[in-house]
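When you line the sequence shown up against my numbering, it's residues 123 to 277, in that order.
Beta carbons are placed, not taken as given, at the ideal position from N, Cα and C, and that holds for glycine.
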Amino acid sequence: MYPDHAPHVPVQRAVEVHQPTPYPPAVPVPAPVVPVQPGAVPAVASIVLPDGRIVTGYAINAARPEPVAVKPAVSSTALNVALGGVGFLAVCGGLLLLTSFIATLTAFITQLIILAAVIFGGWIAVQIFSTSGHQGGGTTVNIRRAVFKRNKFYG
123 MYPDHAPHVP VQRAVEVHQP TPYPPAVPVP APVVPVQPGA VPAVASIVLP
173 DGRIVTGYAI NAARPEPVAV KPAVSSTALN VALGGVGFLA VCGGLLLLTS
223 FIATLTAFIT QLIILAAVIF GGWIAVQIFS TSGHQGGGTT VNIRRAVFKR
273 NKFYG
């Protein structure tokens, strides 16, 4: 330690006790009388406190919570989503049937066109290669002169 310093000695101080000052009891003020209908007088309740004082007052009915509305087992949002899905599936099925119908109709019309081409081509082939009729090697076409006079046809 340093030579000019004395060792540290704790100093004891006197303990001070503070006592709270009690307030004098309040003088009861009479409550104003409120006129009440004869059949609706509320019940008066008295409570004895641990120190012997009695507190008297009107009993307050406990606040009753509002009745809770019964919720359905399934929320309306879930029901709307499910119905939307069912409707979407129905539309998709209808569109699938519609596309199948269009594809079938297209194939049918294509086959009719091919059938008509085969029949017409066969008829032309028969006309060209048939040996009956003219023995020459060509086709004879008679062309008459048509006359139009004043928008009338004279053939």
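Going by DSSP, what residue range makes up the alpha helix (DSSP H) through residue i?
i	result
G207	198-251
Tell me the residue span of the beta strand (DSSP E) that contains residue i.
i	result
A167	166-170
T178	176-180
How about residue i and residue j: are their beta carbons less than 8 Å apart?
i	j	result
T178	V192	no
By Cβ distance, which residues of its chain are closer than 8 Å to residue i, with the 5 residues on each side in sequence left out?
i	result
L227	none
For residue i, which residues from the same chain have a beta carbon less than 6 Å from its beta carbon, with the 5 sequence-adjacent residues on both sides left out?
i	result
I176	S168, V170
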